[in-house]
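Residue numbers (the working numbering): 51 to 261.
Written out as structure tokens, the structure is:
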């Protein structure tokens with residue numbers, strides 16, 4: 051068994067997550083591809099694949115039990131984070147991964163092909179210019195500097211009545227919450243336990259206020 055797989059198993063054992071053999075192989079395969087492509091395309095500042103397991107894989111998959119609905123979009127996905135790990139963990143759900151940079155989308159398409167992910171679609175577009183044929187149950191992001199930017203740039207993406215925004219943040223973002231637009235409210239703030247990750251992590255679930 052590879053050092054990456056051994057390390058992944060150790061990290062997953064520190065959570066309550068149910069992860070199959072196939073999913074573990076796919077998560078390791080994703081890290082191996084990210085490490086390989088990163089040397090040429092500079093997709094992430096994290097250089098050590100063992101470190102990627104904590105900062106990218108575990109940091110993403112701890113969200114997998116908090117996804118309401120079936121159809122999601124990851125905006126500003128970068129090299130596919132958190133979208134690829136979440137798609138691996140939730141093969142019955144559909145994920146659209148959106149980024150404006152071609153090299154990132156090319157990488158994601160390679161990952162989808164190599165790992166055989168049937169539930170991922172990669173889209174190269176600026177978020178404000180993307181007009182989906184069908185709205186989403188959840189709009190995910192860990193890339194936006196502020197939640198205000200996220201909800202204002204992505205306001206057209208969630209389903210009108212039931213769709214939510216899912217923002218992955220570090221410290222409890224009280225200051226950002228205070229600056230949210232009037233039409234947006236915080237539904238829930240979930241403290242996330244990421245094994246061996248320094249610092250706090252929170253998932254903030256936002257929705258439109260009912261008229």
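Glycine included, every Cβ here is placed at the ideal spot set by N, Cα and C. Since the model is a prediction, treat every value here as computed from it, not as a measurement.
Status (buried if at least 16 other CB within 10 Å, exposed otherwise) for residue i
{"i": "residue 250", "result": "exposed"}
{"i": "residue 190", "result": "buried"}
{"i": "residue 230", "result": "buried"}
{"i": "residue 212", "result": "exposed"}
Beta-carbon contacts of residue i that lie in its chain and below 6 angstroms, excluding the five residues immediately before and after
{"i": "residue 96", "result": "102, 105"}
{"i": "residue 124", "result": "133, 147, 190"}
{"i": "residue 100", "result": "57"}
Span of the beta strand (DSSP E), counted from its first residue to its last, around residue i
{"i": "residue 237", "result": "234-241"}
{"i": "residue 146", "result": "144-149"}
CB of residue i within 8 angstroms of CB of residue j, strictly
{"i": "residue 223", "j": "residue 254", "result": "yes"}
{"i": "residue 113", "j": "residue 218", "result": "yes"}
{"i": "residue 83", "j": "residue 164", "result": "yes"}
{"i": "residue 61", "j": "residue 108", "result": "yes"}
{"i": "residue 236", "j": "residue 203", "result": "no"}
Paired residues, beta bridge with residue i - DSSP
{"i": "residue 19", "result": "Since the first residue of the chain shown is 51 and the last is 261, residue 19 is not available in this structure."}
{"i": "residue 245", "result": "Answer is none; residue 245 lacks a bridge partner."}
{"i": "residue 208", "result": "186"}
Contacting residues, own chain, Cβ-Cβ under 7 angstroms from residue i (five flanking each side not counted)
{"i": "residue 209", "result": "185, 186, 187"}
{"i": "residue 149", "result": "126, 127, 128, 155, 174"}
Extent of the continuous alpha helix (DSSP H) run through residue i
{"i": "residue 90", "result": "71-91"}
{"i": "residue 157", "result": "152-165"}
{"i": "residue 171", "result": "Per DSSP, residue 171 belongs to no alpha helix (DSSP H); it is in the beta strand (DSSP E), 170-174."}
Cut-off 8 angstroms between Cβ atoms - residues of its own chain near residue i, not counting five sequence neighbours on either side
{"i": "residue 93", "result": "84, 87, 128, 129, 153, 154, 157"}
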